[in-house]
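For the sequence shown, this note's numbering assigns the number 1 to the initial residue and increments by one for each residue that follows.
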Amino acid sequence: MIIGNRGMLGQAMCNEASARAVSWGGLDLPEFDLTDEQAVCRAIEPGCEVVINCAAYTDVDGAGSNEAQAELINATAAGMLARRVREIGAKLVHYSTDYVFDGTARTPYPTDHPRQPLGAYGRTKAKGEQLLEQSGVDMLLIRTSWLYAAWGKNFVRTIAKLASERDSIRVVNDQRGRPTSAIHLARLTFELLGRGAGGCYHGTDGGECTWYEFASEIVTHLGLGCSVEPCLTAEFPRPEPRPAYSVLDLSRTEECIGPMPHWTENLAVVLDDLKVSIA
1 MIIGNRGMLG QAMCNEASAR AVSWGGLDLP EFDLTDEQAV CRAIEPGCEV VINCAAYTDV
61 DGAGSNEAQA ELINATAAGM LARRVREIGA KLVHYSTDYV FDGTARTPYP TDHPRQPLGA
121 YGRTKAKGEQ LLEQSGVDML LIRTSWLYAA WGKNFVRTIA KLASERDSIR VVNDQRGRPT
181 SAIHLARLTF ELLGRGAGGC YHGTDGGECT WYEFASEIVT HLGLGCSVEP CLTAEFPRPE
241 PRPAYSVLDL SRTEECIGPM PHWTENLAVV LDDLKVSIA
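1. Measure the alpha-carbon distance for P117 versus G128 and round it to whole angstroms.
2. With DSSP run on the structure shown, which of helix, strand or coil describes A279?
3. Which class does R123 belong to by DSSP, given the choice of helix, strand or coil?
4. Got a sec, what are the start and stop residues for the beta strand (DSSP E) V228 sits in?
5. Do P241 and G119 have their CB atoms nearer than 7 Å?
6. Thinking C-beta only, is M1 closer than 7 Å to C48?
7. Distance, Cα to Cα, A105 vs D273?
8. Looking at C-beta atoms only, is the number of pairs between the region 89–105 and the region 130–150 that lie closer than 8 Å three or more?
9. If we count Cβ pairs, one from each stretch, closer than 8 Å, do we get three or more for the region 242–259 versus the region 196–207?
10. Comparing C-alpha positions only, which one of W211, D102, E191 sits nearest to H260?
11. Does DSSP classify W263 as helix, strand or coil?
12. Within 10 Å of its beta-carbon, does S135 have 16 or more other beta-carbons around it, so buried, or fewer, so exposed?
13. In this structure, how does DSSP classify C41 when only helix, strand and coil are distinguished?
14. Do you know whose CA, among A82, T210, L92, L185, lies nearest N266's CA?
15. Can you tell me where the beta strand (DSSP E) holding M139 begins and where it ends?
16. Secondary structure at I52, three-state DSSP: helix, strand or coil?
17. Could you give the C-beta distance for A244 and G103, rounded to a whole number, given that I count them as a contact under 8 Å?
18. Would you check if the distance between the CB atom of V171 and the CB atom of Y212 is smaller than 7 Å?
19. Please go through the same chain and pick out, in chain order, the residues whose beta-carbon is closer than 7 Å to the beta-carbon of A150, but skip the five residues on each side of it.
20. Roughly how far, in whole angstroms, is the beta-carbon of I44 from the beta-carbon of I88, given that I think they are within contact range, below 8 Å?
21. Considering only DSSP beta bridges, list what L185 is partnered with.
22. Taking contact to mean at least 3 C-beta pairs separated by less than 8 Å, is the region 11–30 in contact with the region 63–75?
23. For T58, which option in A160, V156, G122 has the closest C-alpha, if you only look at C-alpha atoms?
24. Is R170 helix, strand or coil by DSSP?
25. Start and end of the alpha helix (DSSP H) containing K153?
26. Mind checking whether the beta-carbon of T97 lies closer than 6 Å to any heavy atom of the ligand NAP?
27. What whole-angstrom Cβ distance do R84 and V40 have, given they're in contact under 8 Å?
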């Protein structure tokens with residue numbers, strides 16, 4: 001069962017399941033409300049083997065002004081889902097974020113690093129992780145970062161649009177992390193499941209970069225004539241803080257399923273798909 005199947009990651013998960021000839025069902029708004037306990041119990045029935053939760057409140061700045069709603073979805077509902085999945089004896093796959101860390105590290109964050117979120121979004125996701133751990137559910141928790149695809153609302157599509165409309169754009173060069181293709185994340189999820197993985201793993205593309213470097217690669221690959229200029233986060237203040245360094249350590253994941261493709265490789269695949277969709 002794939003919850004949030006119409007979202008960016010959910011669509012990739014459905015495509016990957018179909019490609020692997022895995023039987024799946026989907027649940028999403030408006031027909032299904034993850035915060036409704038009765039609806040969850042009706043939808044998640046005995047006989048379901050794996051529940052993949054792709055639903056989340058992901059608006060970082062929105063979480064700052066509406067933390068209660070973000071917590072309801074990212075923590076309370078996730079905990080409720082975990083209890084139901086445990087009741088029926090199934091396995092839960094849940095996704096979390098690099099924002100559970102404060103960004104003060106200078107080397108990649110291992111899976112067992114203490115959670116210390118900077119802002120509301122990170123707090124709600126960290127609480128969700130804690131509730132899942134306390135539930136005792138058979139769980140695969142995957143933290144990811146900088147998610148993108150050829151569909152949905154994400155950095156890659158935003159930069160592609162802006163660069164096609166403007167002569168120059170400015171992008172922050174003092175935040176460093178790992179981009180993640182939704183297609184790649186869906187694939188590695190199924191690979192981890194196939195190896196019986198449980199507990200916490202990190203799932204991103206390989207390599208690391210700043211947002212400026214990420215944007216520059218997008219513009220170059222698309223052959224756009226737009227100039228990409230670096231700037232500082234302080235020049236574009238946002239309501240909620242962002243971690244300056246949120247590179248997730250991939251060693252546990254790579255020990256299980258092998259090396260992660262470099263982010264430039266995964267990005268090229270997505271950008272080629274994006275070219276086709278906008279042609």
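Beta carbons are placed, not taken as given, at the ideal position from N, Cα and C, and that holds for glycine.
Taking the definition as stated:
1. The residue you call residue 117 lines up with position 117 of the sequence shown. The residue you call residue 128 lines up with position 128 of the sequence shown. Taking the straight line from one Cα to the other gives about 12 Å.
2. Looking up residue 279 in the sequence shown gives position 279. Below a pLDDT of 50, predicted positions are generally treated as unreliable, and A279, at 49, falls in that range; no measurement from the model is reported.
3. For the purposes of this step, residue 123 is identified with residue 123 of the sequence shown, where counting begins at 1. In this structure, R123 counts as helix in the three-state DSSP scheme.
4. Position 228 of the sequence shown, counted from the start, is the residue given in the question as residue 228. 227–231 is the extent of the beta strand (DSSP E) around V228.
5. Here residue 241 corresponds to residue number 241 of the sequence shown, with the count starting at 1. Here residue 119 corresponds to residue number 119 of the sequence shown, with the count starting at 1. In contact: P241 and G119 (Cβ atoms closer than 7 Å).
6. Your numbering for residue 48 matches position 48 in the sequence shown. Your numbering for residue 1 matches position 1 in the sequence shown. Closer than 7 Å, so yes.
7. Here residue 105 refers to the residue found at position 105 of the sequence shown. Here residue 273 refers to the residue found at position 273 of the sequence shown. For A105 and D273, the distance between alpha carbons rounds to 35 Å.
8. yes
9. yes
10. Your numbering for residue 260 matches position 260 in the sequence shown. The question names His, yet the displayed sequence has Met at residue 260. Taking only the C-alpha atoms, the option nearest M260 is E191.
11. Counting from 1 along the sequence shown, the entry for residue 263 is found at position 263. Helix, per DSSP.
12. Within the sequence shown, residue 135 is the residue found at index 135, counting from 1. It is buried - the Cβ of S135 has at least 16 other Cβ atoms within 10 Å.
13. Locating residue 41 in the sequence shown gives position 41, where the first residue counts as 1. Helix.
14. Sequence index remark: in the sequence shown, residue 266 carries index 266 (1-based). Here the closest residue by C-alpha is L185.
15. Taking the sequence shown and counting its residues from 1, the one referred to as residue 139 is at position 139. Here the beta strand (DSSP E) through M139 covers 138–144.
16. Position 52 of the sequence shown holds residue 52. The answer is strand: DSSP assigns I52 an E or B state.
17. Counting from 1 along the sequence shown, the entry for residue 244 is found at position 244. Counting from 1 along the sequence shown, the entry for residue 103 is found at position 103. A244 to G103, Cβ: 4 Å. Contact.
18. Here residue 171 is taken as the residue at index 171 of the sequence shown, counted from 1. Here residue 212 is taken as the residue at index 212 of the sequence shown, counted from 1. Yes; because the gap between Cβ atoms is below 7 Å, this pair is in contact.
19. Taking the first residue of the sequence shown as 1, we reach residue 150 at position 150. Once the five neighbours on either side are set aside, the close Cβ partners of A150 are V270, D273, L274, S277.
20. What you label residue 44 is simply residue 44 of the sequence shown in a count that begins at 1. What you label residue 88 is simply residue 88 of the sequence shown in a count that begins at 1. About 6 Å separates the two Cβ atoms, so the contact holds.
21. Here residue 185 refers to the residue found at position 185 when the sequence shown is read from its first residue. Looking at the DSSP assignment, L185 forms no beta bridge with any residue, so it has no partner.
22. no
23. Here residue 58 is taken as the residue at index 58 of the sequence shown, counted from 1. Cα-wise, what sits closest to T58 is G122.
24. Walking along the sequence shown from the start, residue 170 turns up at place 170. Strand.
25. In the sequence shown, counting from the first residue as 1, residue 153 sits at position 153. No alpha helix (DSSP H) holds K153; DSSP gives it neither H nor E.
26. No copy of the ligand NAP occurs in the structure displayed, which carries no ligand at all.
27. Start at 1 with the first residue of the sequence shown, and residue 84 comes out as number 84. Start at 1 with the first residue of the sequence shown, and residue 40 comes out as number 40. Sure, about 5 Å apart at Cβ, within 8 Å.
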